[in-house]
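Chemist:
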Amino acid sequence: ILDACNSGQAIRDLVKVGNDGQGYIAARSDEQSQQIKAIDKLNEQSGFFILSASASNQSAYEMGRYSQGLLTYSLLKAIKQQPDILEQGKYLDVSRWFSAAEKTVTELTKENGARQQPQIVSNTNFNIGIVDEEVMTKIILPQEKPLFTNSNLQNADENIAYDDKELSKLLDTKLSDISARGSDGPIVYTPNLKTGDVWVLSGRYEIKGNSIVARINIRQGNATPKYRFELTGTTDKLNELATAIAEKATSLVK
């Protein structure tokens, strides 16, 4: 299993050796005779199966919302949630396993506006192991984290009507900091994301003297706001206000 960007190139660099009916596969090398002997021995003992995370010209994505690589997540998810890949309910069929993971990777990247197409090459099929209760128990799929993207706050003064205090930029920095906590972070922040499940903070702020009141809406995609709240701060401490807004918003969205 090759879980890396452009790993499909490894498949492109494989060459067939042996007779037409044998279906041996070996990596390129000047020592063709040694390849044939090694693969001949391998062919007598087992089958040969390759799964690469992506095509030769594609990235292999780490999806922050799953706290691990997308191929790894998809392989574990197939074992945990797709019992039909098991032969006789317990033997892990490598062809079904890899095919299920390939489908999940393709679907998830498409949902997020990206493209990653795993590549599969094989010369046989076989069972790779037994999936019993102990194995199932040890597979703990990460909880999907809420996705946040760029905020959109405006000054409520009609004579200004734009974010003159750059509160949106401060807020996005705070969301990014929360996301950067890694597996301990409750959210994932990705700028310029336009998928239907992404959360957006929008709203207006009103300034009177040194006081600032921010009225925040939280919506998912293009839906009507699901949450609303109001926080007060001062214009000389906008960084603290942005922190409070970010913490409040991420505590509401689960």
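In this text, residue positions in the sequence shown follow the numbering used here: the first is 130, and each later residue adds one. Every residue gets a Cβ at the ideal spot worked out from N, C-alpha and C, and that includes glycine.
1. From ILE268, GLU287, ASP306 and ILE214, pick the residue whose C-alpha is nearest to that of ASN254; which is it?
2. Please determine, among PRO315, LEU221, ALA343 and ASN321, the residue with the shortest C-alpha to C-alpha distance to GLY350.
3. Which whole-angstrom value describes the C-beta separation of ALA378 and ILE345, a residue pair presumed to lie in contact below a C-beta threshold of 8 angstroms?
4. Determine, using beta carbons only, whether LEU221 and GLY198 come nearer to each other than 8 angstroms.
5. LEU200 by DSSP, collapsed to three states: which one?
6. Spatial neighbours of SER308 within its chain, please: CB distance less than 6 angstroms, with the 5 preceding and 5 following residues excluded, ordered by chain position.
7. Return the residue from the list LYS337, ARG348 and ASN256 that minimises the CA-CA distance to VAL327.
8. From this set, ILE130, ALA371 and LEU381, which residue's C-alpha is nearest LEU282's C-alpha?
9. Just to confirm my understanding: we take VAL260, look at its own chain, exclude 5 residues before and 5 after, and list those with CB closer than 7 angstroms. What are they?
10. Would TYR291 pass as an interface residue toward chain D - the criterion being a Cβ-Cβ separation below 8 angstroms?
11. Taking DSSP's pairing of strands, which residues face GLN283 in a bridge?
12. Using the three-state DSSP reduction, which class does SER215 fall into: helix, strand or coil?
13. Measure the CB-CB distance between TYR334 and LEU300 and report whether it falls below 8 angstroms.
Modeler: Considering the structure as presented:
1. Put simply, of ILE268, GLU287, ASP306 and ILE214 the residue whose alpha carbon is nearest the alpha carbon of ASN254 is ILE214.
2. Distances from the CA of GLY350 to each of PRO315, LEU221, ALA343 and ASN321 were compared; the closest alpha carbon is that of ASN321.
3. Contact flag correct, Cβ pair sits at about 7 angstroms.
4. Taking 8 angstroms as the cut-off, the Cβ atoms of LEU221 and GLY198 do not count as close.
5. Three-state result, LEU200: helix.
6. Same-chain partners within the cutoff: GLY314, ILE316, VAL317 and TYR318.
7. Distances from the alpha-carbon of VAL327 to those of LYS337, ARG348 and ASN256 put ARG348 closest.
8. Between LEU282 and the set ILE130, ALA371 and LEU381, the nearest pair of CA atoms involves ALA371.
9. ILE208, LEU215, LYS219 and LEU221.
10. The chain labelled as chain D is not found in the depicted structure, where only one protein chain is given.
11. GLN283 is bridged to ARG333.
12. Residue 215 is actually Leu in this sequence, not Ser. Residue state, collapsed to three classes: strand.
13. TYR334 places its beta carbon 8 angstroms or farther from that of LEU300.
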